[in-house]
Amino acid sequence: MVWLLAAVHIRSVDGVANAPLSCIAQCAQTCNCPINSNGDVCSNRGMCLNGACRCNSGFGSTNTSVGVCDVEYVSLNNSTYLFVLIASCVCGLLAYNASLVYLYYTDHSLFQKSRPAFAHAMNAGTILIAASIAVASSIVADPLSCSILWCIADLSFVLVFGTILLRLYRNVCVLLSSAKGPPIKFPDKWVFALLGGLLLIEAGILAGVWAFRGFTMHDTPLWPNADGVTWTKFQGCFLDSQHAAIALIAPKGLTLLVIVAFALQLRRSKKEERDMTKLASCVAITLALWAIGLSLYGTATKAHGDMFYLCLVFLLLLPSAMVVAITTYPKWIEIHRLGGHFTPTVRPSTKNSADLNLYLHHIDWHDVAQVEEAETQLTAFVASDPRHGLDIGTILMLLSDKVRHRGIRRLAVAQLQHADVASVSLVFPQLLQALKYDLDADVGDVAASPLVQALLRYARESIVVAHTFHWSVVVELENTVAVVVDDMEIKHQDRPTKALYAALHELFLDAMATTAHGHLVAHQIEIVSFLAHVYDGMARHHVDAMTIQLREALTGPEATFSSLHPLYPSIWVRGFDPAQSFVFKSNAKPMKVHLVVDTAAQLEHITVDMRSALDRTASTKAALAHIRHTVDVTVADVRGSSTNATIRIDVHGHVQTCTVDDRGGVEARFEVGEVPQLVELLLVDGRWNEYGTGPSSHSGGNDTTPSRMLEVHLPPSLYLPPTEMQMPDSDVYATVSVIVTSHTTHGHDDATKEGLARAVTEKLHGTIDAVSPGIIFKHGDDLRQDALALQLLAVIDSICTRHGQLHLHFTLYRVLATSVNEGIAEFVPHSAPLSQVLRDNHHSILEFLQRHQFDADAPNQVKPHAMDIFVRSVAGYCVATYVLGVGDRHLDNLMLKSTGHFFHIDFGFLFGKDPKPMPPPFRLTPDMVHAMGGLDGEAFQLCIAYACECFNLLRKHAHVLLAVLHLTKEAGIPHMHTNLNQEKDVAIHEVEKRLVLRASSEKARQFMTQLMVESQNPQTTARLSLLERIHRVAVALK
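Residue numbers for the sequence shown, in mature numbering (1 follows the signal peptide of the UniProt record, and there is no 0): -15 to -1, 1 to 1023.
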């Protein structure tokens, strides 16, 4: 590449040499003094003395022109020469020191990961470049040696940047490879072989240039001095052909561009982001230096020799030195920062924090002192509140890989024993994943683990938990992990914990053999195996032919049996309905199978279950049924509210709404059957609706917000004296007092036969109506990610309903992964994608709702309850899909039921992944907003209020979501860990970032409101409309 510089300023002097002699020259010939190569007489460059030419200062005779006063070779300017030497020495020493660092830390993991052999090759190349430039700048009148040195520098440049190019290419291959994709083999010896090939190609180019006389070997061209008049010969090396110069420099420029592209691609990996940013910046600076150096040199009119060497330093030496520095010294700095003199920064926290989860979040679990203090605080917290203890989110966090303290983990397991079955079944897959980090679990004696015993106890008690237990362990046994062996060969191997889960499964089967519902799990395995056998037996022909084969298989005698529903283990089925079963017209060709509910078996099961429950709790109910508690709540001296304000009082689900009287107070009395622990007060201003979640119809806007719930915790004495309190997020003050009195009653509810029969019948109808008999069997799809997404939606729904009494009507259809490439999903009846809804209803969701939920008396002719369901479900899914980063949202996976329930399906992209460019935070179409009355409609304002309340509830209880994700990162979920270079916590950090945990509740409310309003921006809607059209075309072409 260096040859282009010289080729720009080749000076041909042949024309000058052939110029006719002047009379002075003719006269000079009489002195027998020859004419020099410039055509000037000797009197211009010297004198005739004793028959010989004596050259003037600055000129001399050469071997090729004996006796001719030719231009004398000149060296670089002193300052330029000094700079070149210093730069060469510094860069050479930098590369040499980098090799010493690699040799010194040869056993450190950071340097081992960087492959020391490659680092030494890059350092050697940089040293050779520095030595070549330094020596060549000192050579006088030796074009051959100079040309050889520049060939060495050229090959050294290829050695440095060729190594970087090949290593980045290998890392990009690993980055883009899925953890479940085919193996990739790219070992170090292959990289060295390819590097040798690059050097041979470059050597061939140099040899070709040399063979075709591209190098100037016969003489050195003339250069103008700084005065622009006199001529001197510069001691450089040049090319005679500009084509040869382009052949040498163009591939290297392309190499730098490819390196920048690879570095930007690798920035997607969190582990590589910082280093790749530095590398991309370094190479970008190199390209800028190339452009500046070539342009300056090409336009220079003086001091070309000095400029030539300066450009060589900037084009060859400094880029090599920069890449050596950024690949070595950041690791050296990191090692010293992690040494004994470096103390990691921990976010400030207080051990007396009222929020236990916030305190635990700030613990540095690698600090022994902080961990021991956390154990003390946890023990004290549990002792102070033995009735409630730790919530399920805290338990999950303490069982994650962050906590490696045996005492704390055992404390969490002990608290798990007191959790209710519903809470445990919701997060049971994560509890099984926690065994990977259990310090007491051993393959030789799995039963010795307290966590295993707790999980088995829940499996014995609940068929739902047993069902989740079995399928989660089966999938875990099939799960593999992508590992790197033999340098860079990616293979899929069994997880190290496979033996542990195999032993656990054996223990589970033995435990189920002693329970009443153990055989039910076996029946459920049979129905799944039957469906897999039917699907495998169908010939892959046209969909209609496959449907005929399916129906024939479902009419056989082996298709009639009594078993549990594969998705609802509390529901009995007795076979299939072939007439309502078919194969979908899609690429995967999944089967839709219609189950027949066994009403008789279901009735018997419910009856036995309810009688058992009554028998087990008869004594407890008899003891508690006669104890009642009267709660008198008085709110006095209410200040700062409007004249028509009301206060909503909630005592353990018993709610009364009281209007503030003229004296500024309210009184309420409650009769409850359990000891009250909490009284919740909500101020409802007259400008807001009765639910405290949105503006009333006469408010004219949302110029104010309702107060948050005031939680009044009762002391152990169950008496709260008059205490002044402030309503959260408001300027309203009130004096609250609570008195609880207990008394014994003489009446109790007798579980008579008639009452039991009525309860059984009601539960039977309610159970059957709540379950869809249709299921979809998929083969070749990994449904674990869909199952995780729906589980997270269930967790979000639980947080909203338990902690905020906010019902958002999520459609939590079931998905079961029976293997890593097979599973069952629930078929949601009476639902249709929004694309079909709009197509069949003149592009109007409101018309669809009016068709199915017509009410002539309603303002929009839709039943208020159906519209409320639609508004709440839209708000819930907007927040949920934003927090979880659900991608690839189009009108074919947005669904709407005839009851008004809005929901999402197909969670193939999670945690910020999306195949489309610039995806929106969530999908809220203009048709949805139009159905709610537009941007200014009261329903849309309610939707925003519900979304903001849901968002703040999730932020308040973020530890639950984050704990579930922490215990899922090793489960092999595709988008939890998509490639080998990606950190396993990336998905968790993405959710944490979306929750904006550092913002206040008011800031978070404004943030969510802004997101929902900006989703209706004309530019956004137009772009999404265009993407929707592209999606429809793509679907049509399939």
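Just so you know, even glycine gets a beta-carbon here, dropped at the ideal spot from N, CA and C.
_Host alpha helix (DSSP H) of His347 (start-end)_ = Where His347 is concerned, there is no enclosing alpha helix (DSSP H), given that its DSSP letter is neither H nor E.
*asked:* Counting C-beta neighbours from all protein chains within 10 Å, is the total for Gln835 16 or more, i.e. buried, or is it exposed?
replied: Gln835 should be labelled buried.
*Can Leu384 and Ala419 be called in contact, C-beta distance under 7 Å?*
Against a cut-off of 7 Å, the Cβ pair of Ala419 and Leu384 comes out as a contact.
*From Ile724 to Ser410, what distance separates their C-alpha atoms?*
Per the coordinates, the alpha-carbon of Ile724 lies some 37 Å from the alpha-carbon of Ser410.
*Does the distance from the CB of Asp873 to the CB of Pro900 come in under 7 Å?*
Pro900 sits close to Asp873, with the two beta carbons spaced by under 7 Å.
*Among Leu489, Ser514 and Ile71, which residue has its Cα nearest to the Cα of Lys421?*
Distance check between Lys421 and each of Leu489, Ser514 and Ile71 places Leu489 closest, using alpha-carbon atoms only.
_Option in Ile277, His508 and His526 with minimal Cα separation from Ser547_ = Nearest of Ile277, His508 and His526 to Ser547, Cα basis: His508.
*Is the Cβ-Cβ distance between Ser804 and Glu358 less than 7 Å?*
The Cβ atoms of Ser804 and Glu358 lie no closer than 7 Å to each other.
_Assuming Asp635 is part of the beta strand (DSSP E), what are its boundary residues?_
Counting along the chain, Asp635 sits inside the beta strand (DSSP E) bounded by residues Thr631 to Val636.
*Tell me, which residues are paired with Ser727 by DSSP?*
In DSSP, Ser727 forms a bridge with His614.
*Assigned exposure category for His455 - 16 Cβ within 10 Å defines buried*: Sixteen is the threshold: when 16 or more other Cβ atoms of the shown chains lie within 10 Å of the Cβ of His455, as they do, the residue is buried.
*Confirm, please, whether the CB-CB distance from Val800 to Leu773 is below 7 Å.*
7 Å or more divides the Cβ of Leu773 from the Cβ of Val800.
*Meets three-Cβ-pair contact criterion under 8 Å: the region 924 to 939 and the region 975 to 990*: The region 924 to 939 vs the region 975 to 990: in contact.
*Roughly how many whole angstroms lie between the Cα atoms of Ser117 and Val143?*
Near 14 Å, if we compare the C-alpha coordinates of Val143 and Ser117.
*Segment contact, 8 Å Cβ cut-off, at least three pairs: the region 836 to 845 with the region 492 to 504*: At 8 Å Cβ cutoff, the stretches do not touch.
*At what residues does the beta strand (DSSP E) containing residue 1077 begin and finish?*
With the chain covering only -15 through 1023, there is no way to say anything about residue 1077.
*CB contact flag (Ser722, Leu705, <7 Å)*: In this structure, Leu705 lies closer than 7 Å to Ser722 by Cβ.
*Run through DSSP, which three-state label would Gln790 get?*
The answer is coil: DSSP assigns Gln790 none of H, G, I, E or B.
*Could you spell out the range, first to last residue, of the beta strand (DSSP E) harbouring Gln641?*
Run containing Gln641: His639 to Thr644, per the beta strand (DSSP E) assignment.
*asked:* On the criterion of 16 or more Cβ atoms from any shown chain inside 10 Å, does Met903 qualify as buried, or is it exposed?
replied: With fewer than 16 other CB atoms across the displayed protein chains lying within 10 angstroms of its CB, Met903 is exposed.
*asked:* Can you tell me where the alpha helix (DSSP H) holding Ile929 begins and where it ends?
replied: That run of the alpha helix (DSSP H) goes Glu923 to Lys941.
*Arg824, DSSP secondary structure in three states*: It is helical.
*DSSP puts Asp479 in a beta bridge; with which residues?*
For Asp479, the pairing in a beta bridge is given by DSSP as Thr465.
*From the DSSP output, in three-state form, read off Phe103 for me.*
Note: Phe103 maps to helix in three-state DSSP.
*Going along the chain, which residues of its own chain have a beta-carbon closer than 6 Å to the beta-carbon of Pro959, five neighbours each way excluded?*
Leaving aside the five residues that flank Pro959 on each side, the residues in its chain whose CB is nearer than 6 Å to its CB run, in chain order, Gln770.
*Beta carbon of Ala119 nearer than 7 Å to that of Leu183*: If you check the CB distance, Ala119 and Leu183 do not come in under 7 Å.
*Residues that DSSP places opposite His944 in a beta bridge*: Bridge partners of His944: none, in fact.
*Going by the CB atoms, is the gap between Phe855 and Gly885 shorter than 7 Å?*
Yes. Within cutoff.
*Have a look at Arg979 and Ser783 and give me their C-alpha separation to the nearest angstrom.*
Taking the CA atoms as reference points, Arg979 sits about 20 Å from Ser783.
*Reducing DSSP to helix, strand and coil, say where Lys848 ends up.*
It is coil, neither helix nor strand.
*Rounded separation between Ser122 and Trp135 - CA only*: The alpha-carbon separation between Ser122 and Trp135 amounts to approximately 11 Å.
*Rounded separation between Ser850 and Ala365 - CA only*: Here residue 850 is His; the residue named in the question, Ser, does not match the sequence. Using only the alpha carbons, I get a separation of about 47 Å.
_Alpha carbon of Ala564 to alpha carbon of Arg155, nearest angstrom_ = For Ala564 and Arg155, the gap between their C-alpha atoms comes out near 54 Å.
*So who's on the other strand from Leu668, going by DSSP bridges?*
DSSP lists Ile632 as partners of Leu668.
*Cβ-Cβ distance between Ile632 and Pro554 below 7 Å*: No, these two residues do not count as a Cβ contact at 7 Å.
*What residues are listed by DSSP as bridge partners for Ala810?*
DSSP, once it has assigned bridges, lists Ile761 and Val800 as partnering Ala810.
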